[in-house]
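Below is one structure, written out as C-alpha cells, with a few remarks after it.
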Amino acid sequence: DVKVTQSSRYLVKRTGEKVFLECVQDMDHENMFWYRQDPGLGLRLIYFSYDVKMKEKGDIPEGYSVSREKKERFSLILESASTNQTSMYLCASSDFSGLEVRIAFFGQGTRLTVV
Amino acid sequence: EDKVVQSPLSLVVHEGDTVTLNCSYEVTNFRSLLWYKQEKKAPTFLFMLTSSGIEKKSGRLSSILDKKELSSILNITATQTGDSAIYLCAVNRGSTLGRLYFGRGTQLTVWP
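As they're listed, the protein sequences go chains A and B. Using my numbering, read the first sequence as starting at 1 and increasing by one per residue. Using my numbering, read the second sequence as starting at 1 and increasing by one per residue.
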C-alpha cells in the first residue's frame, strides 16, 4: 500500500513562529504536493514539486516556502506563522509519466492552529 | 481560468436513499477526473475516469464521465451512515506536472 506520512496530526504554534510540516512517501513518486483545506473553500494548492530540488508555486504560495532535498520528503515551511494560516494541511504524492496522470495519494493531514 | 464546480455543496439523506453528486469542469487539455471520499482524515481515492474509461463501479458506488457535457456524476445507492463524508472531485490537465484541480466538495450526511 502507498503510504504518505505527515509528521504531526495536530499542531499549535504561536504567531510569528517558524513552522515546519514534514511529509514522507514510500512509493518513489516523482510528484509531491501541499494543499490546505478550509471549510467552504475546498483544497487549494500551495506548492508542488516534480523532482528533487524542483518546486512550483500553486495557487496560494504567499507566506509559505517548501523544501525537497530528497525524493521521498517534502517539507512545507511557514516562515512567520499568522492566525490566517490556521488550517488543515494535506500532503499528497503521485507518480507521473509523460502526459499520463497517476492517482494522488494523501497523507492523514496536519491540523495547524496558530494562536 | 480553469474551474471545477461541485453540486450540491451539502446533502442530507436517510439510510437507504440513493444520491447523485455532480461535478462539472472547464479546463483546457483535460486528462482525467478523479473522485475522492474524505471522512475525518485524508481523502481516499474512489475512481478515476478518462476518455478511455468513462464509467466505473464499485459496490454501491458508480461514476460516469460525460465528456460532451464536461461533467461527471457519482451515484451512491442504498446509502449507509458510513457513507457520510465529503466527496471531492478533481481534474487533471495535461502538461501541468500532475497537479489536480479540486472542486469545493459535497458534504453528504446520511441519517439512520
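Glycine included, each C-beta is placed from N, C-alpha and C at the ideal position. A quick note: this is a predicted structure, and the numbers were derived from the prediction, not measured.
Where residue i and residue j are concerned, what is the direct C-alpha to C-alpha distance, given to the nearest angstrom?
i        : j        : result
Ile73(B) : Phe30(B) : 17 angstroms
Thr86(A) : Thr28(B) : 32 angstroms
Leu65(B) : Ser7(A)  : 36 angstroms
Arg36(A) : Gln80(B) : 29 angstroms
Gln38(B) : Cys89(B) : 11 angstroms
How would you write the range of the beta strand (DSSP E) that residue i sits in, first residue to last?
i         : result
Leu41(A)  : Leu41(A) -> no beta strand (DSSP E), and no H or E assigned at all.
Met54(A)  : Met54 to Lys57
Met48(B)  : Thr44 to Thr50
Thr15(A)  : Premise fails: Thr15(A) is in no beta strand (DSSP E) and is neither H nor E.
Arg73(A)  : Arg73 to Leu78
Arg111(A) : Thr110 to Val114
For the candidate residues the options, whose alpha-carbon lies nearest to that of residue i?
i         : options                                   : result
Arg99(B)  : Arg9(A), Phe48(A) and Val19(A)            : Phe48(A)
Ser80(A)  : Ser8(A), Tyr50(A) and Phe20(A)            : Phe20(A)
Glu30(A)  : Lys70(A), Gly42(A) and Met88(A)           : Lys70(A)
Leu70(B)  : Leu33(B), Ser10(B), Tyr25(B) and Phe45(B) : Tyr25(B)
Tyr64(A)  : Lys13(A), Trp34(A) and Met27(A)           : Trp34(A)
Leu46(B)  : Gly103(B), Tyr36(B) and Ser62(B)          : Tyr36(B)
Tyr10(A)  : Glu17(A), Met88(A) and Glu56(A)           : Met88(A)
Ala122(A) : Val12(A), Val24(A) and Lys18(A)           : The requested residue 122(A) is not part of the displayed model; chain A covers only 1 to 115.
How close, in whole Å, do the beta carbons of residue i and residue j come, if the pair is a contact with beta carbons under 8 angstroms?
i         : j        : result
Asp59(A)  : Leu76(A) : At roughly 14 angstroms, the Cβ-Cβ gap does not stay under 8 angstroms, so Asp59(A) and Leu76(A) are not in contact.
Lys67(B)  : Ser51(B) : 7 angstroms
Tyr87(B)  : Leu21(B) : 5 angstroms
Arg104(B) : Gln6(B)  : 6 angstroms
| field | Residues in the region 96-109 of chain B having any Cβ partner in chain A nearer than 7 angstroms | value | Those would be Leu97, Gly98, Arg99, Leu100, Phe102, Gly103, Arg104 and Gly105, in chain order.
| field | Residues of the region 40-56 of chain A with Cβ closer than 7 angstroms to any Cβ of chain B, in chain order | value | Per Cβ criterion, the list reads Gly40, Leu41, Gly42, Leu43, Leu45, Phe48, Tyr50 and Glu56.
| query | If contact means a Cβ-Cβ distance below 7 angstroms, which residues of the region 7-37 of chain A contact chain B? | reply | Using a CB distance below 7 angstroms, the part of the region 7-37 of chain A facing chain B consists of Asn31 and Phe33, ordered along the chain.
| Can you list, in chain order, the residues of the region 35-53 of chain B whose Cβ is nearer than 7 angstroms to any Cβ on chain A? | Per Cβ criterion, the list reads Lys41, Ala42, Pro43, Phe45 and Met48.
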